[in-house]
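Numbering (my numbering), first residue to last: 34 to 462. Here is the structure we will look at.
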Ligand code: UDX
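Below you can see the structure in the form of structure tokens.
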């Protein structure tokens, strides 16, 4: 099928590329001409495992192209996906100006029936607003359908998630666009749920908020574990074996971050408020998340006493593993707390150092993770990168003035660390 994707951020670029990979003819549109040039030349603006190869392969096969001309994109396809940012505003509500702008641009360029699909994460009832806007700005008075088709990909696993989704959600007002939407997704062999637009929009916010709730839940349990000598990983393993609960998203740590959970939680709370419901449960999820970070930082200050003049090595800057994304990264927040207390930092991340530099301009960036501890008073693990498990512990121990590790992601085994002579503090164990 001929598909156009407007917006080449995480969601738009990965969606477009995976659609091309399964055989669709895809045009990706972005108003950032520099980005379009980079993509046309086979480069990609983000680090995402497997994506660059897939972009290059599909561009070479003639199935994937990039343009900064929205009208051209609208003209070429019958199905137009909107995948532009919906950033948070200071009060937690969502800035809808990019979506509104794109809806107007599409309307202005439409000359025949189009299916306009919203992929961005949006407040419930956005579909109605998009439909109203298109109707208002469409000069040609052509027919169209608006569809909600939220995306559930995780950064770092985006290609994998898109190629093998747990489910595809399609929200419609009429039956007319359903066949085309199903045809687009048939190659992905995933269960498809066809529902109304408002439910589809709510599924996205409700899912992300629930996952964030799961993390805050286990982080709250980790406090009890620490107070009683239990081990949160054992508790999570035991809970997770109940199929109704599941083991995933029960990893205690320094809390969740990234460009989705914090923003989607705030938005969902705000949306609830606007329809007259005080979603106190989700406010508590936010509260537990910020307390978890404070509690971990306190562990560091309680042990090192005065941070002023201390040098701390930090492993991890990205908001999670397998990404170079540092937006709302708990690791960056922790570094900023340590700097505020007067510590100096030696930091390393396998992919996120370039993006962290503007946020932490005074830290020393170390290329090899095994050199981070050199001359430091303590080592901190702030992101759950798998490769940190292969840290040369002996070298790190010798590099430190005293072998102290604060592991905010529970990557090492406490007994083994003690046996190796470390003072080892993790979360909930
Ligand atoms: C999330 C959703 O998973 C995805 O479905 C949605 O489309 C976008 O938001 P993402 O933000 O890419 O994806 O990352 P995710 O893997 O969900 O992790 C979010 C944060 O939670 C990270 O900071 C991670 O470190 C943290 N986390 C995750 C935990 O602290 N514990 C866990 O058990 C899982």
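Every residue gets a Cβ at the ideal spot worked out from N, C-alpha and C, and that includes glycine.
- For residue 122, the closest alpha carbon among the candidates 461, 318, 295 is that of 295.
- Residue 99 is classed as buried because its beta carbon has at least 16 other beta carbons within 10 Å across all chains shown.
- Of the other Cβ atoms in all chains shown, fewer than 16 fall within 10 Å of the Cβ of residue 197; this residue is therefore exposed.
- Contact between residue 116 and residue 42 holds, with the beta-carbon distance rounding to 7 Å and staying under 8 Å.
- In the structure shown, residue 228 falls within a strand segment according to DSSP collapsed to helix, strand and coil.
- Every unbroken stretch of the beta strand (DSSP E) spanning 3 or more residues and falling wholly within the region 36–115 is given here in chain order: 58–62, 97–100, 112–115.
- Residue 456 is bridged by DSSP to 437.
- Burial is judged here by how many other beta carbons sit within 10 angstroms of a residue's own beta carbon; residue 415 has at least 16 and is buried.
- Where residue 339 is concerned, there is no enclosing beta strand (DSSP E), because DSSP gives it neither an H nor an E.
- Those residues having their beta-carbon less than 5 Å away from any non-hydrogen atom of ligand 1 are, in chain order, 185, 187, 188, 248, 282, 284, 286, 289, 290, 291, 293, 352, 353.
- Under a 10 Å Cβ-count criterion, residue 420 is classified as exposed, with fewer than 16 other Cβ atoms of the shown protein chains found around its own Cβ.
- Remark: fewer than three beta-carbon pairs, one from each stretch, lie closer than 8 Å, so the region 171–179 and the region 89–108 are not flagged as touching.
- Segment contact: the region 272–284 against the region 298–315, fewer than three CB-CB distances shorter than 8 Å; contact not assigned.
- Unbroken beta strand (DSSP E) runs of no fewer than 3 residues, entirely contained in the region 358–396, are found at 377–381, following chain order.
- Within the same chain, 249, 252, 253 come within 7 Å of residue 321 by CB-CB distance, once the 5 residues on both sides are set aside.
- The residue from 284, 257, 262 with its alpha-carbon nearest to that of residue 270 is 284.
- Counting C-beta pairs closer than 8 Å gives three or more between the region 206–221 and the region 182–198, which meets the contact rule.
- A buried status is given to residue 147, since no fewer than 16 other beta-carbon atoms sit within 10 Å of its beta-carbon.
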